[in-house]
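Quick note, the sequences are listed as chains A and B, same order.
The working numbering puts the first residue of the first sequence at 1, with every later residue one more than the last.
The working numbering puts the first residue of the second sequence at 1, with every later residue one more than the last.
All residues carry an ideal CB built from backbone N, CA and C; glycine is no exception.
Predicted, not measured: the structure shown is a model, and the values here were computed from it.
This report refers to the structure that appears directly beneath it.
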Amino acid sequence: MPKLINKSEVIENIWQTLDKDFSGELPEGSILAPLNYLLENPLILDSNPNIGIWLDSDQSSEALEPYLDKLSLIAINFPKFVDGRGYSYARILRDRLDYQGELRAIGDVLHDQLFYLKRCGFDSFAVREDKNIEIASQGLEDFSDSYQIATDQPEPLFRRR
Amino acid sequence: MYKYDGYDKQIVQERVQQFRGQTDRYFDGTLAADEFLPLRLQNGLYVQRLAPMLRVAIPYGMLSAVQLRKLAEVSRKYDKGYVHFTTRQNVQFNWPELRDVPDILEELLSVEMHAIQTSGNCIRNTTTDQFAGVAANEILDPRPYCEIIRQWSTLHPEFAFLPRKFKISVNSSPDSDRTASLVNDIALELIKNEAGEVGFKVLVGGGLGRTPIIASEIRSFLPEKDLLTYLDSILRVYNMHGRRDNKYKARIKILVKALTPEKFAELVEAEWLHNKDQASRLTQKELDRVKAFFVDPAYAELENEPANFVDKKTEHKGFANWIARNVNEHKKPGYAIVTLTLKKTGTPTGDASDKQVETIADMADKYSFGEVRVTHDHNVVLANVQQDQLFELWNEAKASGFATPNLGMLTDIICCPGGDYCGLANAKSIPVAEALQIKFDDLDFIYDLGKLDLNISGCMNACGHHHVGNIGILGVDKRGAEFYQVSLGGDSGRQASIGKILGPSFARADMPSVVEKILNVYLENRSDEELFIDTYNRIGMVPFKERVYAKAN
């Protein structure tokens, strides 16, 4: 069973991620469905509590605004870890749209990005399966303070020093 | 100069630890080479043609004598005993061992230096005027704002993986631009509005490389306290909308051009409406705190142009030449701004040996309150020298090879490391610079030419800023051979412009004679006092083209 980091704890990842072009009936269990599926089937969130929605790196999180009060899991895909769009999508979800549910990084999620991801509001991390997730989770604690504001720290260092 | 407090030290210390861990994981095989690459780049570490190259940040070009001595020591201990000053007001070590880099970073931290974000697709070192704080005519000292930007951009979690590198420059001089600011991704011009309030004119989308573009204005006045929220907004628009499918189209200049500056400005303003009241809005307390690091040194009350200084100029023509070329007016009477040139013929442009770096540190201690500034054209500035000590300094600088009085002249060449060192280059650039410096070594001839920027890049990445040289030289690859394309009419100053290509490229051996023909056309056509760039703008490309490409009889 693959694993993920939830907050700072390593747990089993029971979620099944459907392809970006998935259509038809949802399978049983805990499902991460692509944004497009939600846009075509806007009522699925009403009937099924075990659904999260994932965004790809070319899909801004603003598209989820109408659904936020029904969502308890949003995932943002990093097709390559150097594609940094997901950091901005996360901050818009958290800081502007006030999304309170779980926000998960999926895809090419690695040790050295975890600190930045956490700062931008991600609280779960599906680290790439070929990596040692326990060791990777140390990356969440690379720095004990930061200069600038982000989702995790609304006050910049200059207002605190 | 800015001094680290406990927070600054801790952040850089943790960064060194982080990089040490990354390096260890790279060597034990748990971090793949392609995963390590963007991480090491964000710490200034390239792997070049011959060895790794480590680029160390010199925030907005300011260095203390203590830091200079540490750089010299590091170059001796871990490298081949020399450093290279870059066009980004940074410094590079060309031969360190990958294994040693965490230790080097630890040594740098001991003098409050780092290599954070000196490369990679993130926000780079902010540059500014090397005469900041001492120029007679500046609006306000730009360095506190640069330091505020440095802190905001350091390890910014949202903008560590941008589409491409991102460069910010701050200019505060109303009638000159010593920073080439209009070819930056963001150019901030420090201004005062009609009510006397301090703020910035904001321009975006300048850049060199394959598609050279001059930055466009998107806001005529941004109040100073809104600096960071506005930068966040620009960066967010770029991070979400900049192209990621083609690295040659990924700079913000391409996005601004594709959208038009007007549309880009609308997106930024819409984003800013959400961000402008965040706690990132600067406070007067923070502005005052940072400004307190950049107050005037303990100047003496001195007479301007003292007799012993004036007499020496009359007695020594060489001294007078050097004063005329390499010394600038200071805001404080009795003081002067001295530029030490690292452009001695036969030495790669911008290179300095460990001994030379220590000599510069000694000069800084003796003559200039223990501080220097590094310029974007690879020179070093002593910003606070008493006029009555200039003659003594000149003698010392001459003996050390720092007093070639060619600042801003033909042979004060901006030049990238080129094919001798860089894996990207199509052609060597240093030998071209050298050949030109040898060909044109008659100082009287060079003075007669007047101010003339000649810039050389070894490839279209344009690290040598060839597009904005009055004469630009670009190394190109022609069926595996090294050739050089010449452009004319570039300008990096207030009237920034991109040079136009003269015509087909030339072999390296022909370059001195090609440049000579171009200079001759200028000398024959100029009116009194007309600079090369003005003559070019008046008579156009055709006379130059006809002369250079004329069939030999």
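**OP:** Look up asparagine 13 of chain A in the DSSP assignment and say whether it is helix, strand or coil.
**Re:** In the structure shown, asparagine 13 of chain A sits in coil (DSSP, three-state: anything other than H, G, I, E or B).
**OP:** With DSSP collapsed to three states, give me the class of phenylalanine 143 of chain A.
**Re:** coil
**OP:** Could you tell me whether any Cβ in chain D is nearer than 7 Å to the Cβ of aspartate 142 of chain A?
**Re:** Structure shown: chain D not included; protein chains present are A and B.
Subject >> chain A contacts from the region 227-258 of chain B (Cβ-Cβ distance under 7 Å) >> reply: Within the region 227-258 of chain B, contact with chain A at the beta-carbon level (separation under 7 Å) is assigned to Arg236, Asn239, Met240 and Arg244.
Subject >> Close-in-space but distant-in-sequence residues of the same chain around arginine 85 of chain A (CB under 6 Å, 5 per side omitted) >> reply: Correct list, in chain order: Ser57.
**OP:** From the DSSP output, in three-state form, read off threonine 314 of chain B for me.
**Re:** If DSSP states are grouped into helix, strand and coil, threonine 314 of chain B belongs with the helices.
Subject >> Whole runs of the beta strand (DSSP E) within the region 329-355 of chain B, excluding any shorter than 3 residues >> reply: 335-340 and 351-353
Subject >> Beta-carbon neighbours of alanine 160 of chain B, restricted to chain A and to distances below 9 Å >> reply: Gly84, Tyr87, Gln113 and Tyr116
**OP:** Name, please, each residue of chain A whose Cβ falls closer than 8 Å to the Cβ of glutamine 22 of chain B.
**Re:** Asp112
**OP:** Would you list the one or two residues that DSSP bridges to isoleucine 213 of chain B?
**Re:** B:Gly207
Original post:
Less than 7 Å separating the beta-carbons of valine 380 of chain B and isoleucine 360 of chain B?
Top reply: Yes, the Cβ-Cβ distance between valine 380 of chain B and isoleucine 360 of chain B is below 7 Å.
Original post:
Within this structure, are the beta carbons of glycine 196 of chain B and phenylalanine 221 of chain B separated by less than 7 Å?
Top reply: For glycine 196 of chain B and phenylalanine 221 of chain B, no; Cβs fall outside 7 Å.
**OP:** Output yes if chain B places a C-beta closer than 7 Å to the C-beta of alanine 150 of chain A; else output no.
**Re:** yes
Original post:
On the three-pair Cβ rule with 8 Å, is the region 136-146 of chain A touching the region 9-19 of chain B?
Top reply: Segments in contact, yes.
**OP:** Kindly indicate which three-state DSSP category glycine 408 of chain B falls into: helix, strand or coil?
**Re:** coil
**OP:** Can you tell me which of the three DSSP states alanine 65 of chain B falls into?
**Re:** helix
Original post:
Taking C-beta to C-beta, are glycine 464 of chain B and asparagine 470 of chain B nearer than 7 Å?
Top reply: no
Original post:
Given a threshold of 16 other Cβ atoms within 10 Å of its Cβ, counted over all protein chains shown, does serine 527 of chain B qualify as buried or as exposed?
Top reply: Taking all protein chains shown into account, serine 527 of chain B has fewer than 16 neighbouring C-beta atoms within 10 Å of its C-beta and is therefore exposed.
Subject >> For valine 82 of chain A, the three-state DSSP class (helix, strand or coil) >> reply: coil
Original post:
Can you tell me the Cα-Cα spacing of serine 169 of chain B and aspartate 46 of chain A, whole angstroms?
Top reply: 51 Å
**OP:** Return the residue from the list B:His376, B:Asp354 and B:Asn384 that minimises the CA-CA distance to lysine 366 of chain B.
**Re:** B:Asn384
**OP:** Label tyrosine 60 of chain B either buried or exposed according to how many other C-beta atoms from any shown protein chain fall within 10 Å of its C-beta, with 16 as the threshold for buried.
**Re:** buried
Original post:
Should methionine 1 of chain A go down as buried or exposed, given a rule of 16 or more other Cβ atoms within 10 Å for buried?
Top reply: With fewer than 16 other Cβ atoms from the protein chains shown falling within 10 Å of its own Cβ, methionine 1 of chain A counts as exposed.
Original post:
chain A partners of aspartate 5 of chain B, CB-CB under 8 Å?
Top reply: Arg161
**OP:** Ignore the nearest five residues each way along the sequence and tell me which others in isoleucine 139 of chain B's own chain have a CB closer than 7 Å to its CB.
**Re:** Leaving aside the five residues that flank isoleucine 139 of chain B on each side, the residues in its chain whose CB is nearer than 7 Å to its CB run, in chain order, Ser172, Pro174, Leu190, Ile191 and Lys192.
Original post:
Taking only beta-carbon atoms, is arginine 104 of chain A less than 7 Å away from chain B?
Top reply: no
Original post:
For the region 58-140 of chain A, which segments carrying the beta strand (DSSP E) assignment without a break, of at least 3 residues, lie completely within its bounds, in sequence order?
Top reply: 73-78 and 102-107
Original post:
When you compare only the Cα positions, how much space is there between isoleucine 31 of chain A and isoleucine 106 of chain A?
Top reply: Going from the Cα of isoleucine 31 of chain A to the Cα of isoleucine 106 of chain A covers about 14 Å.
Original post:
What do you reckon, are the CB atoms on alanine 352 of chain B and valine 83 of chain B nearer than 7 Å?
Top reply: yes
Original post:
Does the pairing of the region 325-336 of chain B with the region 387-396 of chain B give three or more beta-carbon distances under 8 Å?
Top reply: yes
**OP:** Leaving aside the five residues before and after glutamate 155 of chain A along the sequence, list all residues of the same chain whose C-beta is less than 8 Å from its C-beta, in chain order.
**Re:** Ile149
Subject >> Endpoints, alpha helix (DSSP H) assigned at phenylalanine 391 of chain B >> reply: 390-400
Original post:
If you measure from the beta carbon of histidine 156 of chain B to each beta carbon in chain A, is any gap under 7 Å?
Top reply: Taking Cβ atoms only, chain A reaches closer than 7 Å to histidine 156 of chain B, which makes this a yes.
Original post:
Would glutamate 155 of chain A count as contacting chain B if we go by Cβ distances under 7 Å?
Top reply: Put simply, the CB of glutamate 155 of chain A is near chain B, with a gap under 7 Å to one of its CB atoms.
Subject >> Beta-carbon proximity list for phenylalanine 36 of chain B, same chain, < 6 Å, skipping 5 on both sides >> reply: Tyr26
**OP:** Using a Cβ cut-off of 9 Å, pull out every chain B residue sitting near serine 60 of chain A, in sequence order please.
**Re:** Met240, listed in chain order.
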